[in-house]
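Trainee:
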Amino acid sequence: MATTTLTTDTFTQGVTGDDIVLVDFWADWCGPCKMFAPVFEEASEQHPDITFAKVDTDAEPALGQALNITSIPTLMAFREGILVFAQPGALPARELNSLIDQVRQLPMDEVRAKLAEAEKEDGASPDPQ
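In structure tokens form, the structure reads like this:
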């Protein structure tokens, strides 16, 4: 399965539309991005049930900034619309496949419960300003 391109306008829908979505933040001038691209593309062929998407940080600087992308390539993994992994750097194929397996095995009921608890704690904490 080929990768898809996400933009500021399509990002939210793109990462919430499927069970698992992997997003590669890249730029054309980035050497490590060019090294990671075929690894990402090959993984997309091996895992047709997963959405593989790319964000060109030069074309979408506001999106990169909004997501605090400070180094590229950066890989983000979403499961059921929840960000479950974010890491800069080009992963070797073996590590990318291991990550995919880990994301598949996540107990999402527990993830949602922990997220709800963290949001509850953040909402209950006094504003330091």
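Residue numbers (our numbering): 7 to 135. For each residue, glycine too, the CB sits at the ideal point set by N, CA and C. Everything numeric in this text was worked out from a predicted model, so none of it was measured.
Does DSSP classify A33 as helix, strand or coil?
Mentor: Within the sequence shown, numbered from 1, the residue matching residue 33 stands at position 27. Here A33 sits in coil by DSSP.
Trainee: Using 8 Å as the cut-off, can you tell me whether the segment 49-64 makes contact with the segment 10-30, which would need three or more C-beta pairs spanning the two stretches below that distance?
Mentor: yes
Trainee: Using a Cβ distance threshold of 8 Å, determine whether the segment 13-32 contacts the segment 73-91, with at least three qualifying pairs required.
Mentor: yes
Trainee: Taking 8 Å as the cut-off, decide whether the C-beta atoms of N103 and A43 are in contact.
Mentor: In the sequence shown, residue 103 corresponds to position 97, counting from 1. In the sequence shown, residue 43 corresponds to position 37, counting from 1. It is not a contact, given that the beta carbons lie outside the stated cut-off.
Trainee: Using a 10 Å radius around the Cβ and a threshold of 16 neighbouring Cβ atoms, would you call A96 buried or exposed?
Mentor: Position 90 of the sequence shown, counting from 1, holds the residue named residue 96. A96 is buried by the Cβ-count criterion.
Trainee: Just mark E123 as buried or exposed, buried being the case when its beta carbon has 16 or more other beta carbons within 10 Å.
Mentor: As a first step, residue 123 must be located in the sequence shown, where it is residue number 117. Classification of E123: exposed, given that the 10 Å Cβ count is below 16.
Trainee: To the nearest angstrom, how far is the alpha carbon of A99 from that of D107?
Mentor: In the sequence shown, counting from the first residue as 1, residue 99 sits at position 93. In the sequence shown, counting from the first residue as 1, residue 107 sits at position 101. Taking the straight line joining both Cα atoms gives about 12 Å.
Trainee: Going by Cα to Cα distance, which pick from V21, W35, K40 and E86 is closest to A65?
Mentor: Numbered from 1 along the sequence shown, position 59 holds the residue referred to as residue 65. That would be W35, whose Cα lies nearest to the Cα of A65.
Trainee: Compute the Euclidean distance between the alpha carbons of Q135 and T63, then round it to the nearest angstrom.
Mentor: By one-based count along the sequence shown, residue 135 stands at place 129. By one-based count along the sequence shown, residue 63 stands at place 57. Because the pLDDT of Q135 is 42, which lies under 50, any placement of that residue in the model is unreliable, and the number read from its coordinates should be weighed accordingly. Computed Cα separation, rounded: 33 Å.
Trainee: Would F17 pass as a contact of L69 if the rule is Cβ separation under 8 Å?
Mentor: Numbered from its first residue, the sequence shown carries residue 17 at position 11. Numbered from its first residue, the sequence shown carries residue 69 at position 63. Contact: yes.
Trainee: Looking only at its chain, what residues have a beta carbon closer than 6 Å to the beta carbon of P94, apart from the 5 residues adjacent to it on each side?
Mentor: Residue numbering aside, residue 94 sits at position 88 when the sequence shown is read from its first letter. Result list for P94: S77 and T80, in chain order.
Trainee: Does DSSP classify A65 as helix, strand or coil?
Mentor: Position 59 of the sequence shown, counting from 1, holds the residue named residue 65. Coil, per DSSP.
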